[in-house]
Structure formats: structure tokens, C-alpha cells
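K.L.:
Convert by adding 2 to the 1-based position in the sequence shown; the result is the number in the numbering used here.
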Amino acid sequence: MAKEDTELRMGRPRSVRFNSLFSEDEFGEDQPSASPASGGSSWSDREPSLHLPVPDTFPGSSPGTLSDSMEDTSATSLLSPTIREGWLDKNPPQGSYIYQRRWVKLDPDYLRYFDSEKDTYSKRLIPVSSISRVSSVGDQKFEVVTNNRNFVFRAENDADRNEWIRTLQQIAEERKGKAAVRTSMSLATDSATEPADKSGFLELRGFKHKLFVVVAGDKVFLYKNAEDYRLGIGITYIEMNVGNVKEMDRRSFDLTTPYRIFSFSADSEQEKEEWVEAMQQSITEALSNSEVAERIWAVESNRFCADCGSPKPDWASINLCVVICKRCAGEHRGLGPGITKVRSLKMDRKVWTEELIELFQRFGNLMANQFWAANVPPSEAISPTSGSQERRRFLIAKYREGKYRHYHPLFGNQEELDRALCAAVTTSDLAETQALLFCGASVTCDTGDPQCPTPLALAERSGQRLQMEFLLHNKTSEPPRLEMVCSEEKPYSVHLPSITHNGFLYKTPSMVKPISERKGPEEFSRRWCTLQDGVLSYYENDRNTVPNGEIRVEEIVCLVNNPLHAHGIESTFEVYTEADRLYLFGLESPASAREWLKSIAKSFVHPCAEELLALDFERLGRLHYKGGLTLERAQEGWFALVGSTLHVCSEDGRRQEPLQLRKLQELSIQGDHEVLVLVERRRTLYIQGERKLDFLGWVHAIQKAASSSGDTLSEQQLTESDVPLLVDRCIDYITQCGLTSEGIYRKSGQNSKTTSLLEVLQRDARCVRLKEGEHHVDDVANTLKRFFRDLGDGLFTRRWAPNWLWATALEDEGAKVGEYRQLLAALPPVNRATLKALINHLFRVQCFSGENQMNTHNLAIVFGPTLFQTDGKDYKAGRVVEDLISHYVEIFNVNDQEMKKQQDEITAIMKMREASSSGTQQAGDFICTVYLEEKKTETEQHVKIPATMTAEELTFEILDRRKIVMKEKDYWSCFEVNEREEAERPLHYSEKVLPILHCLGTDSYLVVKKQMSMENMLLYLASRVGDCKHGMMKFREERNLLGLGLSTGFHDRYFILNHSWLRLYKEVRSHKPEKEWPVRNLKVYLGVKKKLRPPTCWGFTVFYENEKHEKQQWYLCCDTQADLREWFATFLQVQNGGALWPSERPRARVARPQQDARLGNISLIPLRGNESEMRNSVAAFATDPLTLLRNF
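1. Across which residues does DSSP place Lys628 in a beta bridge pair?
2. Tell me which residue opens and which closes the beta strand (DSSP E) that Cys531 is part of.
3. Give every residue of the same chain whose Cβ lies closer than 7 Å to the Cβ of Val445, excluding the five residues on either side of it in the sequence, and list them in chain order.
4. Quick one: using the 10 Å Cβ neighbour count with 16 as the cut-off for buried, is Thr868 buried or exposed?
5. Leaving out the 5 sequence neighbours to the left and right, which residues in its chain are closer than 6 Å to Ala1131 when beta-carbon positions are compared?
6. Which ranges would you report for the beta strand (DSSP E) in the segment 329 to 406 if only whole runs of at least 3 residues count?
7. Straight-line CA distance for Leu584 to Glu653?
8. Using a threshold of 7 Å, state whether the C-beta atoms of Ala198 and Leu90 are closer than that.
9. Which word fits His990, buried or exposed, when buried means at least 16 other C-beta atoms lie within 10 angstroms of its C-beta?
10. Relative to the C-alpha of Glu1112, which candidate in Ser670, Val967, Leu698 has its C-alpha closest?
11. Which residues in the same chain as Val1200 place their Cβ atom closer than 6 Å to its Cβ, once the five residues preceding and following it in sequence are excluded?
12. If distances are taken between C-alpha atoms only, which option among Lys773, Asp724, Thr742, Glu900 comes closest to Ala835?
13. For Phe773 and Gln738, I'd like the C-alpha separation in whole angstroms.
14. How far does the alpha helix (DSSP H) with Arg881 in it reach, from first residue to last?
15. Can you tell me whether Asn980 is helix, strand or coil according to DSSP?
16. DSSP three-state call for Cys651: helix, strand or coil?
17. Using only the alpha-carbon positions, how far apart do Val995 and Ile947 sit?
18. Out of curiosity, what's the CA-to-CA distance linking Gly866 and Lys521?
19. Using the beta-carbon count (16 or more within 10 Å), is Glu471 buried or exposed?
20. Would you grab the beta carbon distance between Leu468 and Ala443 for me? Rounded to a whole angstrom, and I think it's under 8 Å.
21. Give the straight-line distance between the Cα atoms of Arg151 and Ile128, rounded to the nearest whole angstrom.
22. Counting only the same chain and skipping the five closest in sequence on each side, list residues whose C-beta sits under 6 Å from that of Glu1195.
23. Could you please give the first and the last residue of the uninterrupted alpha helix (DSSP H) stretch that includes Tyr747?
24. Which residues bound the beta strand (DSSP E) around Gly1140?
25. Output needed for Lys1077: all residues of its chain with C-beta closer than 8 Å, excluding positions within five of it in sequence on either side, in chain order.
26. Can you list, in chain order, the residues of its chain with a C-beta nearer than 8 Å to that of Glu557? Leave out the 5 residues immediately preceding and following it.
27. Assuming Leu625 and Gln690 are in contact, meaning their beta carbons sit under 8 Å apart, how far apart are those beta carbons, in whole angstroms?
28. When you compare each of Glu620, Ser750, Leu741 to Phe850 by their alpha carbons, which one comes out closest?
29. Measuring CB to CB, does Glu302 end up less than 7 Å from Val278?
30. Report the partner residues of His503 according to the DSSP bridge assignment.
31. Under the three-state reduction of DSSP, which class applies to Phe697: helix, strand or coil?
32. Compare the C-alpha of Met1016 against each of Glu1040, Ile998, Cys976 and name the closest.
33. Please work out which residues of its chain come closer than 6 Å, Cβ to Cβ, to Asn806, disregarding the five sequence neighbours upstream and downstream, and give them in chain order.
34. Under the three-state reduction of DSSP, which class applies to Glu776: helix, strand or coil?
35. Based on DSSP bridge pairs, tell me the residues matched to Arg657.
36. Can you list, in chain order, the residues of its chain whose CB lies under 8 Å from that of Ser711, leaving out five sequence neighbours each side?
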């Protein structure tokens, strides 16, 4: 200890930037004059929300044990009710007269104060139990005296001060009474105090001296020194249920939490390994509370007691691999440890290893009961309401006698059983091992192999971890005692219950692939089928007693009602099972087929979703999904597809609002075809592809239901306002690009392009993006007209079209408008919404008649015959359209607010056109906000962005406005900043700005600032040989919200980047890349969002979008800043043909005034690291940009 103390005092020289766990204005409080230091403080003044609170401790904790106040912090400080709160001024010690304003909260356990009322974590916690006295000290001040030090506060007035004193005194007295009782109890149970699992000194990056670190239970405690540990005065503790330990190098390791990365260094490699092992064990203990139960309950059969069916069982028999309720657990104990070993899911933390949890997830109550409860007669089964005697009788019969078990075919032949067990343990067939073991096979039998004399050794050699775990827990298990069963008693077989449905069905052989073609009548066989007691069986004929096969209804995951005549039998339906098999059945009678469908559906659909059975579904089944506010965990739901509507019932029985599939804003597949994403205006649903066969069926069915299915308006893909998406896309494009186009709608586009565009839009308008330059205005206009001309039933409908034409004969304008309004109300909702959207658009077009030569009359001539689908000889059709445009406001009841909005839009478009015609602005100019150096109101600039403006020109524009000179070594650039991803991308100087603006989200913006690393990147590119880059980086894919198939952390991978491809290899020696991406489709941003806990502060965020507009996202981290610059420079070079920076500036700049020091060179979003580190590194970088390059 003397040596450690010496090291603690002297410290160890390290090239790190120091950072205190104490906030700056509170650090002096750790040096009171009268008593030892209080270890409590928040981590940082500047980032209070990122760190855990640290409670003050009080005497009474014995050496080597945890203080009560420490143990109770997480449980009470955040959950206890607030008794009093408000603003107070606080005075630091040591004679300072400077008060700091603090938001103070008092609860039954702590007096806490914060920087503001919005802060979650306090700057200090004062345990109420340590308060010995509260007294007034004049001038609205009061003093809180504790065992360690005194705190002085000042209130707004005397009344407020007196109320604080009264409340504090009352709570302190109450706590003293409770503490006396607690102390007497703790004396009697001192042995229960949890000792430290490991303790000692470690270096922590950012600290001058070593810290004394203690691993105890599920927490890691930090102390300034060993003396503070003995006194119970800690700095903070880390809850290990959110921790992760990673070895870094020979002596270092990282403890990563969502709040901070703790980088420790031990004195030796052996000591480091001991610390890592201790912390990993601490994590295991931390996760073994409710976390273990939640993980085991993730298996559906484990959510109910294996014996009586009670919900949420929190006990288990670790040798039988069954999850049981508390009442059954009590009876299990009575059977003895030779039969069943009972443990708690929540309290027996150390027994739940990762292997045992995985064993229970693989086994589950379902598999266990398929053996132990294969032949339980209904009269002997127990329920959650059964009494103790019934439970005891049943459990004795089930486990001690093995009365209901499924007998193995080798039962009674010991030699064959042992031989079969030796073979089974080398495979992953746990069910076979279970059956053999509990039918008499010996877990210690001789294998005949001298190198592996026991089944356990065979399993170890074969790498079967779960088999080993199962055998270990059953080394002393007793097989069921067969002598207790009477000699004449045979294994019980369940009696057949009453049949719920039966009859002849046509059936094809089961399949493992989706049905891709029509099945002819000759491919079906006529079979007698029965649905009874949860089993669908099919027989050769109605006289046979042995079925050809059977389907257990609990294994059914999906039921499909095919359209009539989809196959050679008139009515067919499909049954999908968990084993990824598809069964096709059929009947000649649709009514009989519907009865079978309803019967099967009732037998396998959970009662929580029984309301779905009333629907005339096309597809019904269960899937895992995420949606709404439950994105952390996938839940099981029941889905029913009816037409273009998807109905959803969650696992708790709540029926959600149906999804209108034709109104989806996005429908895509992500994660290697494992997640189906459905995006509505107000919600997003992520459907998991747990089983490939039925998931593919759901995907195809939903895609089909979400597409246009006919030629009427109601069968089209729709917007939220019930306008066909095709119409909306065309109107939007013409509004943006064609309002001033001469002869718009009168000119005809190219017939081939019109036909092709209409086909694409009708197939899936959701995936089509009309772009200027790729699509001509006249082609789009012609597409819209042809859609309405070919529309089934027409826009005005065949029923009401004559009435619209008749109304034109009315001479009184008021009467005519009234008639139009009545006819409008009579149209179907989709037709009515579409007509309003179209007339609104034509109303805008005629506002620009001076330029496009299309006034109201000309538009009516074009659209009258189109909308009424006539030959153009009836002038009344044009009159209707002309009247609708002229009386648009009255007929469609457009309010003042809506009209003003439209007029503002028209005015804005006209101004843009005027500017274009005067030569001051090009067509397509866009006004946007650009910031200078940082996002502040005083730095924003509103700039018109022509279609041809480059990033370099935009940068010049901003600098000119602020009269800033660009010196020779000033690399001013325009950056695209994504606040949500905490990343930024410098735009290439030749990159067009307008397309970027169109793609910017609400959490992105443009900022002009210096590109601090450009000098170093140019030097690197000038000095290197070749045009490719290769090396190791840490890689992480974006974890989609279902968490499927993607990595959950950063992993070392080898990358090669050349002029056309970025390739990822698992390791340097790999010959075949795991992934590869074309460089031209990548967007590389500097920075990685903090919540992903990147391993270093030098990272990229990479976005990839292919030709099908499918998107991926991943993250890369480099070990050093130099690596980051080199990789980023190479990316920029290969994507831009080698030119990172223009060789010459196009024009001279005016002299630049002295730069405001406040705006400076600091990157808008720090990549990683504490604030002190970032500040020092940026300062060094600004002084001499080549410094960091020379260091590497």
C-alpha cells in the first residue's frame, strides 16, 4: 500500500490532457478546512446531461464494503418524489463571496442542486441522512451542516429561507429515526454486505494521478485514493448493466457506457486481464436481474409456466430447462435436487451464464413439454388456480415418475441408449439428448474413446457448448423411477377429443419454396382431413386411422385465402408453418373452403387478435414488428390483409389503426431483405422477416396491395389527401418547371416517352422522381392528359357526367355554381379530391397566361374532351372546365387562408420568372439560408441559388457579403451539416449546390467555414505514390430498428479503396471481399454520432444509394487523426478526378478585416473526446496545421 500511495502522490508522466471529474466551480469544495473531502460532484459543468450523479457518502461503511448511500443512488435519487424545489444562491467554501445560482431539489433521500431546472443530473447530492443541523445565518442565508462539511445557501427572501429550513429539519429528523432502525438491522446482517470483488489502483485517461477502483457486484466505483475508499468517500460509480469492456493494448482496456468511455491502464498485462475478467463478471451479474428474465421470456413458450400455464414465470429448473411460476417452484423443491434444481431468474444472478440463458432460449418450455408432457390427459392437467396438493401430485407424476413423457424408441435398452447419447452430444440436437438422458441413458457412460471418455468430453471436442451446459447441470440428475409405475401400467396416451372440423380436401405435397406457377388439378390429391384438439391431420381416406401427416396449429404462422381459380381447384388456401413449409389445400366449393379457413384461423390465432377473424381476409398470420414508441424491442403482432388495408393487433390485444397501403409514403425492404418498412405520414412500421417463406409471401402481397390495381381513381396509389400519386407527381413537376412554358398542355410530347412514363407511374408512382433535364415538361403534361382520358369510369363518372354537361345550360350564374357544388358533393371522395387538385393546378396555370398563352378558355378546350372522354365535338365539356376554373373559389369552397397561400405561391413564382427574364436570376433559382462559420442568427445569410451555382461560387458570395478576404492558405469551403447524424461533409468546389438543397432534410443546413485539414490533405496526396489506399479501420453497419443481421458494435476490418470501388475484407489475408461498393455512389461525412459510442474520435459516416434508390449507412473509425485525413483525402480524390482544390482562384479578393475570435476555426460538430481535448487540439491545429501531420 505504501508503494501505491507513493505512486498516487507522484503520479505517472503520461502524454494526456488532464480532466477532473469535479466541475470547475465545485473543485474547491473538495478541500474543506475542518473535515476530510467530500467525494461528491458531478462530472462536468459543461455537460451535466452526460454523466451520472455522485452522492456524498457518510461514515459507517466498513473498509472493503460499499456504503449504503452509494448502493441506493440509482434506485432512489431518480425515482423519489420531490418534496421541495426552487432557485437558491450557493456559496462555495474557503471564504469565497461569489454565489452561484442553482436549482435545488429536496427529496426523501437527497438534497441536490443543478445548474438549471432542466438538468437531469445534479452537480452535488447531499444525503439527507448525513445532515446534522440546519440553521439560519442571516441575510436570507441558511447553513446545512453535514458530517463532512457545511453548505451555505441564500434564498430570495426570509420567508423562502425559513420554509427551506423547516422542511430540511423535518426531513432530516425523519431520516435519523429510520437510520437508527436500519443500523440495528445492519448489525445483525453484516455478513450480507457485498464485498469488493476486486480493488486496486488504475490509471484513467484524463487524470494526473491513479484512481482507486473497486469492482463490487454489478457496479464499478472510483475513488481518489485508498483512504477515501475506507472512509466511503467516492468520486462516482458505474452501473455495469450499461457497460462494455474491451481490451485495447498490452496494459490498457476501455469501459464503455452510453455516457462516457473510461480508458484504464493497469501496471501489467496480467493485472489488466484480471481487471477485464472482474468487470466482465460484473456485467454478467448486472444483466442477470430482470434482463435474464426478459431474454428468456423472449421465447413465447417461456412466458407461461411449463406446468400450470401461469403468465410471466420467474423461476426455472436449470437441469430440466423449464421456466416455472413461484407456486410450482415450491413444489419442485419438494422433489429434491436429484430431480429438479430450482433457481430464480431474477435473484440467483451468478448461476445464469450466457450458455445457460441460450440453452433456455433454444429449449424453451415448448420443447421441454413435447417430451415431459407429451401424453397429459386433460383430467390430470393443472391450471394457475390449482391448489398445492394438485400441483404436487402432477409434478411427481410428470418428473419423478415420468408418467407423461414421450418414450424414446430405445427405451429399456441401456447399451443402445448410452451409444445413442454419445452420438447425440456431438450434434446440436438437444431434444434427442433430453429424450435419451431422461429415458435412462447415463451421463457418465463410457464412450470407448480414451481421449474423450465421457459424453461431456465428446461434446467439448465437438464444440457443442449447449450440449455441455445441459450435461453439466444433469451430472447428478436421477432418471424417472420406473419402479413406481405399476407393471400393468403403460405409458399414457391422450384420448382423442371431439373433432372440431372434418371433411375431404384436395392437397398438394408440402413445399419449401413459394408457389411460382399455377397448380393443375392433376397435382392435387383428395385427402380426408380433420382438425381436432390443435392438430390438423390428413388421411388417405375417411376409413384410415393413421394419418399421412399432421400440422400442429401452434406451428401455423400464416393462412392465405387465394383468389378463385388461382389453381386447378376452384377455391384454394395456403398454410405456412414455423418450419418454413407451405401446404396448399383446395375445394370445389368456395363456401366450404371459407368454413375451413375460419376453423383453422380460430384454432391458431391468439385470443388477443380474435377480432381479425371477422374480416374477409386474404392473408392472416403473426409476424414480429416494431412501430410507434416501442422501437427498442420487436413485438409479436397479428396481421390481416384485406384488399389494400393492413390490419394489426399487438401482442397485448390492442388493435391499431389500419394501414392504408396505397397511401404509403414509402415501402421498402432493408437489411438484406429482412425488414419490410412501411412509412405513413404519422407512423412507421418495421416488419421482421423471421421466417423466409411466409415473409416473402407477406412482402409480395403487401407490395401488390400497395400498388395500383386497376384503371379507376380509387384503385390508384393515393396521397394523404386522396389524390392519385400519379396526378400529384405530374402536377408538382409542371408547377415547378412548366408554368411559364408556352403552350403547356396544348403541345403534345413524344408519344413513346409519354407511353413509357405512364407505364412507370402506373406501376409504382411511389418510386418515381420526375427531374428537370431527365423529363420534358410536354411529356409530363401529355402523360397527365392521357391518364385522365384512359381513366376507367372517368373523372366525373359515367353516372354523373351527363348532369355536369346539363348544368352548363343554366343561365343564372348563381344557380349554375350551386348545381356544380351539389354535383361535386355527389362524386366519390377520391374523384372529388382529384378534381379539386386538378382545377387548382389549372387555376395556377392560367395565372401565367401572359407567358404560357394558356388562358382559362384555352385550357378548357384542351381538358374538356380529356376529362369527359369525348371526341371534342361537344362544346359543353369545355364549358364545364371553364366554369370550374373561373368559379374555383366558390365551387370548391376555398377559404381565405388557403387562397392567400396559393396567391403567395403564385407571387413567388412570378417574381422568380421576372428575375429570370431580366437576367438577374436563372430559372429554378432557390432562396436558402447559409451560415458563416457556425449556426447562429447573426451569421445567417439568405442567398439565391441558381441551378448553375457551384459550392465555390456560393463560398465567394458569402465571403463577399461579409467582406472577408481569402488569403493564400485560407481554405474556405461550403459544408453540408447533418445535425441528426452529428456529421458534416465539405462540398467539392465544383459541386452544384441546388441539387444538394433539394435533398436536405429538416435537420441539415449549409455553412461556410475554413477547411482546417485541407493543407495536410494536399500535402499527403502530393507525397504519396499510387491512387489507392488500404488499411485497417473499425467498421459498424447502421443497426436498423429491428436489429436484424447487422453488427451492434465496431469491428476491425481491412479496406481497399481504388478509383472505382471500396472493398471490405474480414482480415488482411482474405482473398474475397465481404462487401464492395462503387465509389461514385458513396457520400462520406466527417463524424460519428456519439450515441453509437465510437471507439475513437476520428470517424466517418458513409451513405450509399444504388440505382434502385435502396439506401445503406455505415460508420468507419480510424486510429489516428492522420489516418482520418488520409482516408478522407483519398475518398475526395477518387470521387472528383484527383482535384481537391482549384489550382487558381478566379478573382482577387478584397482585404479581409481581423476575424472575430469568437467565430474562429473550431469544427461545428466535435468528432469525439472531452471538451478540453478538443479545445487543445483545435488550438494547436489553428496555430500550426502541420504539427499534427509531423507527429504521425
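Glycine included, each C-beta is placed from N, C-alpha and C at the ideal position. No experiment lies behind these values; they were computed from the predicted model shown.
P.N.:
Looking at the coordinates:
1. Under DSSP, the beta-bridge partners assigned to Lys628 are Tyr688.
2. First-last of the beta strand (DSSP E) with Cys531: 527 to 534.
3. Closer than 7 Å at Cβ, skipping near neighbours: Leu439, Pro457, Leu473, Asn476, Lys477.
4. Classification of Thr868: buried, given that the 10 Å Cβ count is 16 or more.
5. Taken in chain order, the residues that qualify are Met1019, Tyr1022, Leu1023.
6. Scanning the segment 329 to 406 for uninterrupted beta strand (DSSP E) segments of 3 residues or longer gives 344 to 346, listed from N- to C-terminal end.
7. Taking the straight line joining both Cα atoms gives about 25 Å.
8. For the pair Ala198 and Leu90, the CB atoms are not nearer than the 7 Å cut-off.
9. Buried, by the Cβ-count rule.
10. Closest by alpha carbon: Ser670.
11. Here the chain has residues from 3 to 1194 only, and residue 1200 is not among them.
12. Distance from the Cα of Ala835 is smallest, within the candidate group Lys773, Asp724, Thr742, Glu900, for Asp724.
13. Per the sequence shown, residue 773 should be read as Lys rather than Phe. A direct Cα-to-Cα measurement between Lys773 and Gln738 gives close to 10 Å.
14. Element bounds for Arg881: 877 to 888.
15. In the structure shown, Asn980 sits in a strand (DSSP, three-state: E or B).
16. Three-state DSSP puts Cys651 in a strand.
17. Cα to Cα, the separation comes out at about 7 Å.
18. Those two C-alpha atoms are separated by around 48 Å.
19. Glu471 should be labelled buried.
20. That belief does not hold up - the Cβ atoms of Leu468 and Ala443 are roughly 17 Å apart, past 8 Å.
21. If I take the Cα positions, the gap works out to 10 Å.
22. Here the chain comprises residues numbered 3 to 1194, so residue 1195 is not present and cannot be evaluated.
23. If you look at Tyr747, you'll find it isn't in any alpha helix (DSSP H); DSSP assigns it neither H nor E.
24. Segment: none, Gly1140 is in no beta strand (DSSP E) and carries neither H nor E.
25. The residues are Arg1065, Leu1066.
26. Cβ neighbours of Glu557 beyond the five flanking positions: Thr579, Glu580, Ala581.
27. The beta-carbon distance between Leu625 and Gln690, rounded to whole angstroms, is 7 Å. This is short enough to meet the 8 Å contact definition.
28. Nearest C-alpha to Phe850: Leu741.
29. Going by C-beta atoms, Glu302 is not nearer than 7 Å to Val278.
30. His503 is bridged to Leu533.
31. Looking at Phe697 - three-state DSSP - the assignment turns out to be helix.
32. Nearest of Glu1040, Ile998, Cys976 to Met1016, Cα basis: Cys976.
33. A small correction: the amino acid at residue 806 is Trp; Asn does not occupy that position in the sequence shown. Cβ within range, chain order: Phe798, Leu825, Val882.
34. Glu776 carries a coil assignment under DSSP once its states are collapsed to helix, strand and coil.
35. According to the DSSP secondary-structure assignment, Arg657 is paired through a beta bridge with Cys651.
36. Closer than 8 Å at the Cβ level, and outside the excluded window around Ser711, lie Ser646, Glu717.
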